[in-house]
Amino acid sequence: MLIIEGSRAENESLYRYDFYKQTFYPHGLNNVTVYGEKLTAPQLLRRVKQYLKNRKHYLEKQAPFK
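Numbering (our numbering), first residue to last: 15 to 80.
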């Protein structure tokens, strides 16, 4: 599951975002992969775009040969 969380400190006007992936396994085990912390909106968009590009490339390599 991809997760984006936004928060804003009292003394800041802009939101900052955390971007991570959490994987849930049976029997209560979890794995968290952090892709960015305290990112601005433009930084977040670049990270998400890069993640999706890399994911697409990975899935294309995993596809069986036709």
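All residues carry an ideal CB built from backbone N, CA and C; glycine is no exception.
Would the beta-carbon of residue i fall within 8 Å of that of residue j?
i	j	result
arginine 69	phenylalanine 33	no
leucine 58	isoleucine 18	yes
Hey, out of the options, whose CA is closest to residue i's CA?
i	options	result
threonine 37	Gln64, Met15, Ala55	Met15
glycine 20	Asn44, Pro78, Thr54, Tyr72	Thr54
Please check the pair residue i and residue j, which I expect to be a contact at CB under 8 Å, by giving their CB distance rounded to whole angstroms.
i	j	result
arginine 30	lysine 63	Not a contact, Cβ separation roughly 18 Å.
tyrosine 65	tyrosine 49	6 Å
Evaluate residue i with the Cβ neighbour count: other Cβ atoms within 10 Å of its Cβ, from every protein chain shown; 16 or more gives buried, anything less gives exposed.
i	result
glycine 42	exposed
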